[in-house]
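Q: Quick mapping for you: the protein sequence lines, in order, are chains U and R. What the first sequence shows, in my numbering, is residues -9 to 361, in sequence order. What the second sequence shows, in my numbering, is residues -9 to 361, in sequence order. No residue lacks a Cβ here, since even glycine has one placed at the ideal position from N, Cα and C. Questions regarding the structure given below will be posed in turn.
2 protein chains.
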Amino acid sequence: MDAALDGFYSIIPAGGIGSRLWPLSRADAPKFLHDLTGSGSTLLRGTWDRLAPLSGEQRIMVVTGRAHRAAVEAQLPELRDVNVVLESEPKDSSAAIGLAAAILRKREPDVIIGSFAADHVIADVRGFRRSVTHAVAAARAGRIALIGITPTEPAIGFGYIRAGDAAEIDGAHDARTVTGFVEKPDLATARRYLAEGDYLWNASMFIARADVLLEQMRGAKPDLVAGLEELAEAWDDPAARGPAVDRIWPHLEKIAIDYSVAEPAARVGKLVVIPGDFDWDDVGDFASIAKLRSGGRAGELAILADGATVLSDHASGIVVSQSKRVISLIGVQDIVVVDTPDALLVTTSEHAQRVKSVVDALKLSGRSEVL
Amino acid sequence: MDAALDGFYSIIPAGGIGSRLWPLSRADAPKFLHDLTGSGSTLLRGTWDRLAPLSGEQRIMVVTGRAHRAAVEAQLPELRDVNVVLESEPKDSSAAIGLAAAILRKREPDVIIGSFAADHVIADVRGFRRSVTHAVAAARAGRIALIGITPTEPAIGFGYIRAGDAAEIDGAHDARTVTGFVEKPDLATARRYLAEGDYLWNASMFIARADVLLEQMRGAKPDLVAGLEELAEAWDDPAARGPAVDRIWPHLEKIAIDYSVAEPAARVGKLVVIPGDFDWDDVGDFASIAKLRSGGRAGELAILADGATVLSDHASGIVVSQSKRVISLIGVQDIVVVDTPDALLVTTSEHAQRVKSVVDALKLSGRSEVL
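Listed below in structure tokens is the structure:
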């Protein structure tokens, strides 16, 4: 085992519900609390296990909603109380990561933080460590670093990072300056990106000195950072924290860290990307789970069902069940069947991204009890 | 309203489970006890309502399994006790219809019986009555009559009756002699049948004098008919019926009436067929229900679900649910989803006939609790 990286602290924002994984993922059972890969661990636990060797398990902070505290602590018995940051309401990633950065900077002024989503999957832990090590070196040199995944196919479900020249940083020979971002492209564009080689998948991995990150954010969102610093000032005082949260948190601006930090930093040449040559998946929809579970082989049926009996006759795709039922699939290809006590989804891999529209429709029609 | 047909008695054998409609149809909830058309009536009740004007509701006999007695009587409160024939175990259609014929002949020697499946659908009641009236005329003339449905498409899910020359029977000008039977043909053959015009769908409707039917059966199966007559002799004696059933019923040969009566009668020129120019469906599988429910229009989603909320986004086919769940279908065409408390089926119209193979597999694997 390699030692932990010097001065490094991991942050896990555990927030998103994962609407595209409805009806499995719910407000009260978000994506990061599910074992979607059949590994035996939830995605959150897998994230923790991946980060613990890099920062030490004493140095992993989790930012999550109040409602998820018990479930998160059950998954992570090693998580220290001082490393739990509870959001009274969701305020997007700038507030979540920014507050963690502000708290940690107050405790340890030159801390280097790395933020990693709670609900992604990486199998190649050594490759991941290599990239994080380079990103930490870039952070130590005063840069803000992303880890971008080298594409293996023309994916249309991810955002892309455009990499420019070599950044020439000691200990991060592969770092390149970031020259721009692209939202989920169409297939033709994705194919071009794959062929050109200068585009990497945006895996939402931010690594920077906490003070550098906050100063960058202050340039775009001074009020937000002022609020976060006021919160951080009160955070470790038990008498002061509660009132400060009640006073400040509800008024913080909701904005993704991509807009408050990454894009402005890229514009001034401060943002670098470390190309990650490891496997990675954001497990964004059921098609992605089917692919992960079948190892990418077509024509297979992935089964995520502990208690159900699944009978398959010329069926492929994925079946997820929380029931003890007999589930019979006959002659359906690339099917997605998700069977929960109060909701049933039937779609295909091709349409898996459209699940979010069902969630939106249910919200609009007031059926929030199944969301 | 037209009057009942003179001397006519209806028989409804209510036996088959309808394996191709699993998991909706079950041993304890067979096909005839379901409202598969959305009419508000079960198929059995619909059959009764169609026959009552033809024979009078006092003259409809139902042959069913002991386990279904309560459910049948709940559906048919008008059903008289003397018209209930309970099978202690299934013995196929020769025994079921033959016993009813033998009981009725003993009570009324020149009775004309008509046997009609409990789980078929006919909307055109006037067309049905016209054909039954002709069939009764043929029966009165000493013939055994079938009603065959004029095909409207090259169906491969039905058996066919080959019609020969006009039978020249008073009151049944359209009766033709039957020259043969064909089991479910392949598509090319079905197309040829449709083009040739001499083939009719076998709707399992038998009309004959009870004595003529039994004498015909006796020729092929003398022991069976002897047993049925012995049963009939004891039937209306409360002290004798039980012992006779226990002694005789278990040993009766299991054979379809097609082989004990129809084919032998056809060989001697005694069988005639009345072409039925009315709609008819045996509701044999979920594809057939989807078609019935959508009026044959492609691209529609038929919904048989009282309590469930069905959300459809570019979906067609049929969804059947006994739950109160939210069911969401996205981008699935000609899909078949059947959602019951202990079993879930997902297939397509194209593969609907293969549902029976699942039932067979469940039987083999000892999962009879879901059958």
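Of the choices W12/R, G88/R, A280/R, F(-2)/R, whose alpha-carbon is the least far from that of D248/R?
A: Answer by Cα proximity: G88/R.
Q: Verify whether the separation of the beta carbon atoms of V384/U and L218/U is less than 8 Å.
A: Residue 384/U is absent from the structure shown; chain U starts at -9 and stops at 361.
Q: Quick check on the DSSP output: the alpha helix (DSSP H) that includes R152/U runs from which residue to which?
A: Per DSSP, R152/U belongs to no alpha helix (DSSP H); it is in the beta strand (DSSP E), 150 to 156.
Q: Taking only runs that begin and end inside the stretch 154 to 196 of chain U, name each unbroken beta strand (DSSP E) of 3 or more residues, in chain order.
A: For the stretch 154 to 196 of chain U, whole beta strand (DSSP E) runs of length 3 or above, ordered along the chain, are 166 to 172.
Q: Let me make sure I understand the geometry here. Which of D160/R, A156/R, K174/R has the alpha-carbon closest to that of R166/R?
A: The shortest C-alpha separation from R166/R is found at A156/R.
Q: Would the stretch 321 to 336 of chain R count as touching the stretch 300 to 317 of chain U if we require 3 or more Cβ pairs under 8 Å?
A: Cβ pair count under 8 Å is three or more, so yes.
Q: What does E340/U reach in chain R if we use C-beta pairs closer than 8 Å?
A: Per Cβ cutoff of 8 Å: G321.
Q: Could you tell me which whole alpha helix (DSSP H) segments of length 4 or greater appear in the stretch 232 to 286 of chain R?
A: Complete alpha helix (DSSP H) runs here, min 4: 253 to 257, 276 to 284.
Q: Using only alpha-carbon positions, find the residue among L203/R, G286/R, G356/R, P99/R that is nearest to L261/R.
A: Comparing Cα-Cα distances from L261/R to each of L203/R, G286/R, G356/R, P99/R, the minimum goes to L203/R.
Q: K81/U: which of G266/U, T299/U, G55/U, F171/U sits nearest, CA to CA?
A: Considering only alpha carbons, the answer is G55/U.
Q: Provide the residue(s) that pair with E77/R in DSSP beta bridges, ordered along the chain.
A: According to DSSP, E77/R bridges with G55/R.
Q: Anyone know if the C-beta pair for L190/U and P141/U falls short of 8 Å?
A: Closer than 8 Å, so yes.
Q: Whole angstroms is fine: what's the gap from A292/R's alpha carbon to V316/R's?
A: In a straight line, the C-alpha of A292/R is about 16 Å away from that of V316/R.
Q: With distance defined between alpha-carbon atoms, name the residue in K21/U, H124/U, G46/U nearest to D275/U.
A: Selected option, being the one with the closest Cα: K21/U.
Q: Compare the C-beta of L352/U against all C-beta atoms of chain R and say whether one is closer than 8 Å.
A: Yes - at least one Cβ of chain R is within 8 Å of the one on L352/U.
Q: Can you tell me where the beta strand (DSSP E) holding F(-2)/R begins and where it ends?
A: Element bounds for F(-2)/R: -2 to 4.
Q: According to DSSP, is A19/U part of a helix, a strand, or is it coil?
A: In the structure shown, A19/U sits in a strand (DSSP, three-state: E or B).
Q: Which residue marks the beginning of the alpha helix (DSSP H) containing D329/U, and which one marks its end?
A: It is not in any alpha helix (DSSP H) - D329/U instead sits in the beta strand (DSSP E) that spans 325 to 329.
Q: Taking R357/R as the query, report the chain U residues whose CB atoms sit under 8 Å from its CB, ordered along the chain.
A: Those within 8 Å of R357/R in chain U are T299, V316.
Q: Does the contact criterion of 3 or more C-beta pairs under 8 Å hold for the stretch 207 to 225 of chain R versus the stretch 89 to 101 of chain R?
A: These segments touch.
Q: Could you tell me whether the Cβ atoms of I137/R and M195/R are closer together than 8 Å?
A: In contact: I137/R and M195/R (Cβ atoms closer than 8 Å).
Q: Across which residues does DSSP place S302/U in a beta bridge pair?
A: According to DSSP, which records beta bridges pairwise, S302/U is partnered with L319/U.
Q: Out of curiosity, what's the CA-to-CA distance linking T299/R and L23/R?
A: Cα-Cα distance, rounded: 23 Å.
Q: Are there 16 or more other CB atoms within 10 angstroms of the CB of S278/U, so buried, or fewer, so exposed?
A: The residue in question, S278/U, is buried, as its Cβ has 16 or more Cβ neighbours within 10 Å.
Q: With a threshold of 8 Å between beta carbons, is D332/U in contact with chain R?
A: With 8 Å as the cut-off, D332/U counts as an interface residue toward chain R.
Q: Using the Cβ count rule (16 or more neighbours within 10 Å means buried), how would you classify A374/U?
A: Outside the shown range of chain U, which is -9 to 361, sits residue 374/U, and nothing can be said about it.
Q: Are the C-beta of D(-4)/U and some C-beta of chain R separated by less than 8 Å?
A: False, the Cβ-Cβ gap to chain R never drops below 8 Å.
Q: Decide if D272/R is buried, meaning its Cβ has at least 16 other Cβ atoms within 10 Å, or exposed.
A: Buried, since its Cβ has 16 or more Cβ neighbours within 10 Å.
Q: Using 8 Å for Cβ pairs, my map puts P13/U next to V328/U. What's the rounded Cβ distance?
A: Right, the Cβ-Cβ distance comes to about 6 Å (below 8 Å), so this counts as a contact.
Q: With three or more C-beta pairs closer than 8 Å as the rule, is the stretch 248 to 257 of chain R touching the stretch 106 to 126 of chain R?
A: Too few Cβ pairs lie closer than 8 Å, so no.
Q: Taking the Cβ atom as the reference point for each residue, do L33/R and L26/R lie within a distance shorter than 8 Å?
A: Their beta carbons are under 8 Å apart, which means L33/R touches L26/R by this criterion.
Q: Are K211/R and I238/R touching if we call contact CB-CB under 8 Å?
A: Contact flag unset, no.
Q: On the DSSP bridge list, what partners appear for S105/R?
A: Answer is I1/R, F196/R, bridged to S105/R.
Q: Is the beta carbon of S84/R closer than 8 Å to that of V235/R?
A: For V235/R and S84/R, no; Cβs fall outside 8 Å.
Q: Could one say the Cβ of V310/U lies closer than 8 Å to chain R's Cβ atoms, at least one of them?
A: Not one chain R Cβ lies under 8 Å of V310/U.
Q: State the beta-bridge partners of I137/U as determined by DSSP.
A: DSSP, once it has assigned bridges, lists I264/U as partnering I137/U.
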